[in-house]
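Participant:
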Amino acid sequence: MYNLPNEGDLGQDIMCYSILSKFTLYSSLNLWWRFQLSLNKEQIKYLAVLSRMDIKEDEIQDVVEKLSSIVEFVDQLQAVTTDGTEPMAHPLAQGQRLRMDEITEYNERDKIQLNAKNTNKGMYLVPKVID
Amino acid sequence: MNSNWEIVIGLEIHAQLATSSKIFSGASTAYGGEPNTQACLVDLGFPGTLPVLNQQAIEMAIRFGLAIDAEISPRSVFARKNYFYPDLPKGYQISQLDLPIVVGGNMSILDGDGNEKIIGITRAHLEEDAGKSVHEGLDGLSGIDLNRAGTPLLEIVSEPEMSSAKEAVAYMRKIHSIVRYLEISDGNMQEGSFRCDANVSIKRFDQKELGTRAELKNLNSFKFIEKAINHEVMRQIEIIEDGGTVTQETRLYDADLDETRPMRSKEEANDYRYFPDPDLQPVIIDKDYINEIKASLPELPSIKKERFIESYKLKSTDAEVLTASKQLADFYEKVKQLTEIDSQIVANWIIGDYTAALNKDDLDIVDSKISATDLAGLLNKIADQTISGKIAKEVFDAMWKGEGSAEEIIERKGLVQITDDSEIENIVNQVIENNPSQVKDYLDGKSQLLGYFVGQIMKETKGKANPQKVNEIIKRKLI
Amino acid sequence: MPTQNIQNMTLCALKRGMSEKEFTSLEVIETLLARISDHGGSLNAFITVTAEQAITEAKNADKLMAVGENKPLLGLPLAHKDLFCTDGILTSCASKMLHNFIPPYDASVVKNLKASGAIMLGKTNMDEFAMGSSNETSYYGSVKNPWNLELSPGGSSGGSASAVAACLVPAATGTDTGGSIRQPAALTGITGIKPTYGRVSRFGMIAFASSLDQGGVFARSVEDAALLLGEMAGFDENDSTSVDVPVPDYMSSINQSIKGLKIGLVRQHFDAGLDNNNAKAVREALEVLEDQGAEIIEIDLPNIELSVPTYYVVASAECSSNLSRYDGVRFGYRAENYKDLNEFYCKTRGEGFGAEVKRRIMTGTYVLSAGYYDAYYLKAQKVRQLISQDFKQAFEKVDLIAGPTTPSPAFALGAKMDDPIEMYLNDIYTIGANLAGLPGMSIPCGFVNDLPIGLQLVGKHFDEESLLQCGHRYQQKTDWHTRVPERFK
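From first to last, the protein sequence lines stand for chains R, A and S.
With the first sequence counted from 1, adding 130 to any position gets you the working numbering.
With the second sequence counted from 1, adding 136 to any position gets you the working numbering.
One point on numbering: in the working numbering, the residue at position 307 of the third sequence is 294, and numbering is uninterrupted.
(1) What does Q372 of chain S touch in chain R if you count any residue whose Cβ is under 9 Å from its own?
(2) Using a beta-carbon distance cut-off of less than 9 Å, what residues from the segment 265 to 286 of chain A approach chain S?
(3) Pick from S:T465, S:G28, S:L444: whose alpha carbon is nearest that of L248 of chain S?
(4) With 9 Å set as the bound, which would you pick, yes or no: does the beta-carbon of A477 of chain S sit closer than that to a beta-carbon of chain A?
(5) Starting from F253 of chain R, trace the beta strand (DSSP E) both ways and give me its first and last residue.
(6) Helix or strand or just coil, what does DSSP make of A281 of chain S?
(7) Should M370 of chain A go down as buried or exposed, given a rule of 16 or more other Cβ atoms within 10 Å for buried?
(8) Where K268 of chain A and P222 of chain A are concerned, what is the direct C-alpha to C-alpha distance, given to the nearest angstrom?
(9) Shortest alpha-carbon distance to M410 of chain S belongs to which of S:A81, S:S311, S:S24, S:P296?
(10) Mapping the DSSP letters down to three states, classify V156 of chain S as helix, strand or coil.
(11) Is the segment 147 to 167 of chain A touching the segment 248 to 255 of chain R in the sense that three or more CB pairs, one from each, lie closer than 8 Å?
(12) Using the three-state DSSP reduction, which class does S357 of chain A fall into: helix, strand or coil?
(13) Given that a residue counts as buried once 16 or more other Cβ atoms are within 10 Å of its Cβ, and exposed if not, what is I172 of chain R?
(14) Output the distance between the C-alpha atoms of L387 of chain S and I194 of chain A, rounded to the nearest integer angstrom.
(15) What's the call for M230 of chain R, buried or exposed, on a 16-neighbour Cβ count within 10 Å?
(16) Looking only at C-alpha atoms, which of S:L288, S:I250, S:P64, S:A66 sits nearest to R270 of chain S?
(17) Please compile the residues from chain R whose C-beta is within a distance smaller than 7 Å of the C-beta of S447 of chain A.
(18) List, in chain order, every chain R residue whose beta-carbon is nearer than 7 Å to that of F200 of chain A.
(19) Report the three-state DSSP secondary structure of I609 of chain A (helix, strand or coil).
(20) Is the Cβ-Cβ distance between E210 of chain S and T(-3) of chain S less than 9 Å?
(21) Give the interface partners of Q417 of chain A over in chain S, defined as CB-CB distance under 9 Å, in chain order.
(22) What do you get for E403 of chain A, buried or exposed, if any count of 16 or more other CB atoms within 10 angstroms of its CB means buried?
(23) Within the 9 Å Cβ cut-off, does L207 of chain R reach chain S?
(24) Compare the beta carbon distance of T160 of chain S and Q201 of chain S with 9 Å and say whether it is the shorter of the two.
(25) For S231 of chain A, which option in A:T165, A:P288, A:E295, A:A528 has the closest C-alpha, if you only look at C-alpha atoms?
(26) Establish whether the CB of A94 of chain S and some CB of chain A are separated by less than 9 Å.
(27) Please confirm if D192 of chain R has its CB atom under 9 Å from at least one CB of chain A.
(28) Using C-beta distances below 7 Å, list every residue in its chain close to S229 of chain S, excluding the 5 sequence neighbours before and after it, in chain order.
(29) So with CB distances below 8 Å, who are the chain A contacts of L255 of chain R?
(30) Could you say which of A:F444, A:K363, A:R199 lies nearest to E395 of chain A if we only look at CA atoms?
(31) State buried or exposed for P472 of chain S, treating a residue as buried only when at least 16 other CB atoms are found within 10 Å of its CB.
(32) From the DSSP secondary-structure annotation, give me the bridge partner or partners of R216 of chain A.
(33) Thinking E195 of chain R and L167 of chain R are a contact (beta carbons under 8 Å), I'd like their distance in whole angstroms, please.
(34) Given this structure, state the Cα-to-Cα distance separating P439 of chain S from S429 of chain S, to the nearest angstrom.
(35) Going along the chain, which residues of the segment 153 to 182 of chain A sit with their C-beta nearer than 8 Å to a C-beta in chain S?
(36) Rounding to the nearest angstrom, what Cα-Cα distance links D424 of chain A and Q372 of chain S in this structure?
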């Protein structure tokens, strides 16, 4: 069912533990298998912007390839029939517990701000926010 | 120019709920604390922390839903709205998307012509407030204060059914009054516990589809909202009449310049990637709980107004003013209870002199210088004819300055009304004697001179003569 | 001399030894700290060793024992995965992003175990933010498998597994989101248990995937696992996903017979992907259970093959959001040079997170993004429902489900780093239990090519007892769990 071939299909001879043979086998299979990537550079750059993470230029191609293979892998879910099935957000079917409206937390700013490098007058400092 | 255009306005109101603690943590929601002294680890989004839901926030939301005749969702879900901003510690806001706690509902307002108009409410949902940022005095940096982060908000979304800035303000005032009535929010706009965004668009009268809308933010007074909306409408009309198109964007209202301008940070499209918050379970609300809350609801403004019209035989406009705030309505009823004077007179005094005094000193009813008992005492002195209505105003002013009770002031200043017929007659006779030409003119037909005679008598008696008796006696004498 | 055997003793044995005054808690702690000092480097199992604190606590424990105090874990040593917040002590999640994070509070798990008298020896290494199955993504370097230092111990709780298997500490906490306790337990030849979702509080357990994460235990015997789990578990009002059900006395029920216990064997598990020797060892293990009176029944979990892609959509979606709080503003790594707010965020997060974490965040961002939400996230949650329903139906026929924990024994470090999918497939047998929220346990059941392999048992919701009973019976008849790697004897 998976896009990648199973170990078992290739026989017992593949089942050895040297790093080199496994590595070569899988990378050559992958190159043969994937001549078209499901995500492109622009999409990756957009995802990086949305999630506010710099990806270096020399890393981008690797990310494109790896993310493409992940997306292809999870694409197999598309073929599954799920009409009439409720999505499962939690493994437990219980309602949210409510707590009483009481103040139970008090000022611990000094202790908490031991972890903050840049503060002033009790506030956390960030580069100027322009609206 | 305006008659070609139809204005379409929808309002999104964020009311901070008056819980003692935050919606998902036990830190205090009190206003004005030193920065970050009311931001606990959960509010700060520290690693490993988790949200737990405040029952009072749910109850308050349900109260609101019941007051606007909406449906309370038996199952509602919290969702994460993901975006990055320094005042949003977790990098997401816990809000509600697909299954909000309150669905539907409506609010009636008086439109431009004074007719009742029903404005539909799409939904109301719970979410957490973000923190605040300070941009000055920090060497070119911004400072983040997260005391406010996690305060519960009720976001109330109207249908786009308002057609003028005035209607928008009327709707907003109504909602403002309701949340204060229900005691779910203090509605303090200066402190930010009642905020409004307006979605404004225009279309030609014959146009079917709605125009592109602009979202106006930073509207924190009733006055500003009216100005901002009107300004925005003009701006959009100008654009279209010049042949351009309105861009969908968020604009900030600048009160000093009386103009709106595009908001920089919102220029980039934001994909919020909403999904149900896996740290919280669905909120299950059963009918018994809803009924419990229903039973404990205070009398709502619309019901109270009807009752005031019915029981006190007041005019609709007077009833509207008196019931606009719960405190004022309570004040009225308390005074009414303690005096037998006509309810309309009580209404006139409260809507008139009393409110004027509060406004002049910029006071809220809770800080009133005259209590309901005091005012009732004064009105009783009118009722039993001790003083006239006119003198009563003098007494009222003295009472407001703290010079004592009505009784004491009347005594001290010797303001007791003259009601003795013979005494008045004597004075009337004196005035008639001293003003022969006016008497002749009056008898010749200048009936307006009656006022002159009354004035003279009042002067003589330093205003203490009972006006009705004076009128009566003069008329009797001058036939 | 007791000191020579202390390192090999289970918690229960140590407890007995201390109560019989064969040795003190201080002697135990000092022995183990010395071992950690000697061997810790070769395994890289620890990020922080809390030697001074542990010694002070050991002395206190001895004083308390002398006056008859008998808390369940008094004076007993353990280690915590560096994902549990420990007040005043570095909690890094093996990430540069938190390399300087000193939590101002204890996780509920840490609090509970402390209250029971346990003594923490240190914080163990792991895959960065619990994302990985080989403990190779840590900012502090890979952890080695004590059975062969060139092999991975599994992940993400590789450090805890390695430390326990090498007898540096008798037990350690771990977390399991897709198999991160069970898989390393299998690959290092020890016992690991992930309880039912909601059984152990997640408050203070730094989140990876909220609807899948559960805290659990590594130990060298099922008995020890039962002891620790009993002290760790319980309702916590600070965690909305914590379940208010009483925690049974696992220690007292552990000796019950398993006669008549119905154990299911999943047809889909024994396909071509499973190493033949692995399969053989598992079948032999089941025979031992049959001898004890259990009944083996073949069952179907028709959608189980979809569990890996389902998991990756759900877990990455949740983690992409959970990790948004790491922005350098209030704690953690903060970039040095930036010209504006945007660059501040992008550099801090770009430099603070490792490659696998960034990949998962981007995958999660993708599957939640506009236009893709229905096709990926919503779809995955529906498939998750199907998988859970399969388990529910299976549990109408059987009490437990048994099978291999991993497709093969430990693999070489670096072997699977190039292909994320290959790495993900390591979790193929374990993920189902996380999706359905079921308790799962791995116990050692043999060796393949001189490397340990594990038997996995999965139970019904809140039925950890059956797992523990079954595992305990097995360990009374076999000795796989007593084996220690040569260099660590």
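Glycine residues also receive a C-beta, built at the ideal position from the N, C-alpha and C atoms.
Facilitator: The short version:
(1) T212, T215, E216, P217, M218
(2) S278, I280, L282
(3) S:L444
(4) Because chain S spans -12 through 476 in this model, residue 477 of chain S falls outside it and cannot be assessed.
(5) One detail in the question is off: residue 253 of chain R reads as Met in this sequence, not Phe. That run of the beta strand (DSSP E) goes 253 to 257.
(6) coil
(7) exposed
(8) 9 Å
(9) S:P296
(10) coil
(11) no
(12) coil
(13) In the sequence on display, residue 172 of chain R carries Glu and not Ile. Exposed, since its Cβ has fewer than 16 Cβ neighbours within 10 Å.
(14) 41 Å
(15) exposed
(16) S:I250
(17) Residues of chain R passing the Cβ test: none, with the nearest at roughly 36 Å.
(18) Here the premise fails: no neighbours, minimum Cβ distance about 16 Å.
(19) helix
(20) yes
(21) S227, T228
(22) Summary for E403 of chain A: the model assigns pLDDT 47, below 50, so the residue's position carries little reliability; its value from the coordinates is reported in the next sentence. That one is exposed.
(23) yes
(24) no
(25) A:P288
(26) yes
(27) no
(28) G185, S188, F222, D223
(29) L274, L277, S278, G279, I280
(30) A:K363
(31) buried
(32) A:I230, A:F411
(33) 6 Å
(34) 12 Å
(35) L177, L180, G181, F182
(36) 31 Å
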